[in-house]
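Enquirer: Sequential numbering from 2 applies to the sequence shown in this note's numbering.
Mind looking over this structure? Questions follow.
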Amino acid sequence: MCDPSHVAKMIQVRNVRPGLHAELMRRARLRGKTLTAYIEDILEREAGREDPLEVFSRIKSRRPIPLDRPAAEDVREGREEREQGWDRSLSTPRP
Numbered sequence: 002m003c004d005p006s007h008v009a010k011m012i013q014v015r016n017v018r019p020g021l022h023a024e025l026m027r028r029a030r031l032r033g034k035t036l037t038a039y040i041e042d043i044l045e046r047e048a049g050r051e052d053p054l055e056v057f058s059r060i061k062s063r064r065p066i067p068l069d070r071p072a073a074e075d076v077r078e079g080r081e082e083r084e085q086g087w088d089r090s091l092s093t094p095r096p
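Structural data, given as structure tokens:
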């Protein structure tokens, strides 16, 4: 007997603006896919990403890490080092 949890489900999207539909069709054609296959790819990609609200909630639930100095100082120091590296790589030796 077939397990109903493994049977493909149908999703129907109604009232799609004509411009959006045309753009999705254009992109699907560009990839050599049907509109359904293209939209399935979009949904798979989106569902594979972590939900930002869940990530923020997880971060918020963690204990703070004590630092020796304010994090802004580390950021500032890193930016200065990066800019100095750019200055060195862009400078030309003078005769």
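Glycine included, C-beta positions come from ideal geometry on N, C-alpha and C.
Where does residue 65 fall in DSSP's three states?
Expert: Coil, per DSSP.
Enquirer: Tell me whether residue 33 sits in a helix, a strand or coil according to DSSP, three-state version.
Expert: Note: residue 33 maps to coil in three-state DSSP.
Enquirer: Would you tell me roughly how many angstroms separate the C-alpha atoms of residue 24 and residue 7, rounded to the nearest one?
Expert: Going by the C-alpha atoms only, they are around 31 Å apart.
Enquirer: By the three-class DSSP mapping on this structure, what secondary structure does residue 56 have?
Expert: Residue 56 falls in the helix class under three-state DSSP.
Enquirer: Keeping to the same chain, check which residues put their C-beta closer than 6 Å to that of residue 29; ignore five residues upstream and five downstream.
Expert: Closer than 6 Å at the Cβ level, and outside the excluded window around residue 29, lie 36 and 39.
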